[in-house]
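Here the protein sequences come in this chain order: A and B. Every letter in the first sequence is one number past the one before it in the working numbering, and letter 55, counting from 1, is 56. Every letter in the second sequence is one number past the one before it in the working numbering, and letter 148, counting from 1, is 282. Working notes for the structure below.
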Amino acid sequence: MVPITYYLLLAAALFCMGMFGVLVRTNALVVFMCVELMLNAVNLTFLAFARMHGDGIGHVSAFFVIAVAAAEAAIGLAIVIAVFRSRGSVNVDDIRTMKH
Amino acid sequence: MTLVSAGLVITARSPINSAMALVSTFFFLAGIYVLLWAHTVAVMQVLVYAGAIMVLFLFVIMLLNLGDAPHRGKSSVTRLLGGASALGLLAVLSVTLGRTNPMPANLGPQAQATFGTMAAIGQSIFTTWLLPFEAVSLLLLVAMVGAVVVAKSRI
Numbered sequence: 002m003v004p005i006t007y008y009l010l011l012a013a014a015l016f017c018m019g020m021f022g023v024l025v026r027t028n029a030l031v032v033f034m035c036v037e038l039m040l041n042a043v044n045l046t047f048l049a050f051a052r053m054h055g056d057g058i059g060h061v062s063a064f065f066v067i068a069v070a071a072a073e074a075a076i077g078l079a080i081v082i083a084v085f086r087s088r089g090s091v092n093v094d095d096i097r098t099m100k101h
Numbered sequence: 135m136t137l138v139s140a141g142l143v144i145t146a147r148s149p150i151n152s153a154m155a156l157v158s159t160f161f162f163l164a165g166i167y168v169l170l171w172a173h174t175v176a177v178m179q180v181l182v183y184a185g186a187i188m189v190l191f192l193f194v195i196m197l198l199n200l201g202d203a204p205h206r207g208k209s210s211v212t213r214l215l216g217g218a219s220a221l222g223l224l225a226v227l228s229v230t231l232g233r234t235n236p237m238p239a240n241l242g243p244q245a246q247a248t249f250g251t252m253a254a255i256g257q258s259i260f261t262t263w264l265l266p267f268e269a270v271s272l273l274l275l276v277a278m279v280g281a282v283v284v285a286k287s288r289i
């Protein structure tokens with residue numbers, strides 16, 4: 002039996018890689034993919050703790066996280082398309098109208 | 135394997151390569167979910183993430199016609215700070231998670247038969263968590279309408 006700690010450490014590593022990608026990459030689409038990576042890491046943590054406690058509620062939480070991630074991806078990609086139409090770029094460094 | 139493909143997601147130069155690496159990450163994660171006896175969530179992961187969300191990503195990538203972007207990454211200060219904060223968070227999380235009880239719960243044979251099945255999760259969703267479930271469905275509807283409104287050039 003693999004200890005649950007390994008799963009939790011894998012989830013932590015995935016989350017940190019996603020965070021690194023969000024902070025470093027400039028393409029907005031890749032930033033979104035990294036956000037999905039972070040959400041998946043959180044899902045893995047939920048499922049690992051559900052297995053640790055023998056409790057099904059973690060599965061329900063993971064289900065809700067998946068649903069919310071789908072909504073977030075749809076809205077985010079729509080915003081990316083709208084920004085690309087008006088600016089012709091998906092580089093997050095070029096979008097600085099609201100920056101003061 | 136999961137970490138390698140996740141690393142490819144953040145290092146690949148073209149968005150298409152990132153998306154393909156992300157698909158393989160999702161499949162590896164689904165396998166890990168099965169190891170944790172979460173078969174239902176693993177199936178949903180493959181259907182929703184590797185199916186629906188990745189198709190959406192690929193459509194947008196092709197719609198925007200993004201090739202290999204001119205490699206003009208962020209400055210090295212940003213990279214250094216990002217790497218330092220990610221490593222710091224990883225260190226803190228490892229120390230914290232290392233203190234948790236490492237052994238999984240010892241489920242009885244009856245609990246083993248129902249743990250993580252569609253029936254058990256559905257029972258839980260439609261009784262205890264009915265209101266959040268309805269809220270999520272409303273959220274998905276609003277997101278759908280909002281995505282159409284935002285992405286449409288003129289209405």
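Ideal placement from N, C-alpha and C gives every residue a C-beta, glycine not left out.
Report, in whole angstroms, the separation of the C-beta atoms of residue i and residue j, which I expect to be a contact under 8 Å.
i	j	result
A/Val81	A/Leu30	6 Å
A/Asn28	A/Val91	6 Å
B/Leu231	A/Leu9	4 Å
B/Ala298	A/Ala71	There is no way to answer for residue 298 of chain B, as the model of chain B reaches only from 135 to 289.
B/Ala281	A/Ile58	The pair is not a contact, with the Cβ atoms about 30 Å apart (cut-off 8 Å).
A/Cys35	B/Leu224	That pair is no contact at about 15 Å.
B/Ser209	A/Ala13	Contact flag wrong, Cβ pair sits at about 27 Å.
A/Leu38	A/Gly22	7 Å
A/Leu24	B/Thr212	7 Å
According to DSSP, is residue i helix, strand or coil?
i	result
B/Asn199	coil
A/Arg52	helix
B/Gly165	helix
B/Met237	coil
B/Ser148	coil
B/Ala172	coil
B/Val157	helix
B/Phe249	coil
A/Val3	coil
Residue i lies in the alpha helix (DSSP H); which residues open and close that run?
i	result
A/Ile27	Position check: residue 27 of chain A holds Thr in this sequence, whereas Ile was assumed. Here A/Thr27 belongs to no alpha helix (DSSP H), and DSSP marks it neither H nor E.
B/Tyr183	Per DSSP, B/Tyr183 belongs to no alpha helix (DSSP H) and is neither H nor E.
A/Arg97	From DSSP, A/Arg97 is part of no alpha helix (DSSP H); its letter is neither H nor E.
B/Met97	Any answer about residue 97 of chain B is impossible in this case: the structure gives chain B only from 135 up to 289.
A/Val69	Ile58 to Arg88
B/Arg213	Ser210 to Gly232
B/Thr261	Met252 to Thr261
Excluding sequence positions up to five away, which residues of its chain have a Cβ less than 6 Å from the Cβ of residue i?
i	result
A/Arg1	Here chain A has residues from 2 to 101 only, and residue 1 of chain A is not among them.
B/Tyr183	Phe160
Which same chain residues end up closer than 7 Å to residue i when comparing Cβ atoms and leaving out the 5 residues on each side of it in sequence?
i	result
B/Ala220	none
A/Ile5	Ala49, Arg52 and Met53
B/Thr248	Ala254
B/Ile150	Ile195
B/Ala153	Met188, Phe191, Leu192 and Ile195
A/Ser62	Phe47
B/Leu264	none
B/Leu169	none
B/Gly250	Trp171, Ala172, His173 and Thr174
Within the same chain, show all residues whose beta-carbon is closer than 8 Å to that of residue i, passing over the 5 residues directly before and after it, in chain order.
i	result
A/Val1	The shown model of chain A, from 2 to 101, leaves out residue 1 of chain A, and the question about it has no answer.
A/Ala74	Phe33 and Glu37
>> To be precise: take each residue of the segment 28-47 of chain A, compare its Cβ to all Cβ atoms of chain B, and keep it if any distance is under 8 Å. Which residues remain?
In response: Asn28, Leu30, Val31, Phe33, Met34, Cys35, Glu37, Leu38, Asn41, Asn44 and Leu45
>> Beta carbons nearer than 8 Å to chain A: which residues of the segment 163-180 of chain B have them?
In response: Leu163, Ile166, Tyr167, Leu169, Leu170, Trp171, Ala172, Thr174, Val175, Met178 and Gln179
> Between the segment 6-22 of chain A and chain B, which residues of the former have a C-beta closer than 8 Å to a C-beta of the latter?
Replying inline: Thr6, Tyr8, Leu9, Leu10, Leu11, Ala13, Ala14, Leu15, Phe16, Cys17, Met18, Gly19, Met20, Phe21 and Gly22
> For the segment 73-97 of chain A, which residues have a beta carbon sitting closer than 8 Å to at least one beta carbon of chain B?
Replying inline: Glu73, Ala74, Ala75, Ile76, Leu78, Ala79, Ile80, Val81, Ile82, Ala83, Phe85, Arg86, Val91, Asn92 and Asp94
>> By the 7 Å beta-carbon criterion, what residues does the segment 258-283 of chain B contribute toward chain A?
In response: Ser258, Ile259, Trp263, Pro266, Val270, Leu273, Leu274, Ala277, Met278, Gly280 and Ala281
>> By the 8 Å beta-carbon criterion, what residues does the segment 212-234 of chain B contribute toward chain A?
In response: Thr212, Arg213, Leu215, Gly216, Gly217, Ser219, Ala220, Leu221, Leu223, Leu224, Leu227, Ser228, Leu231, Gly232 and Thr234
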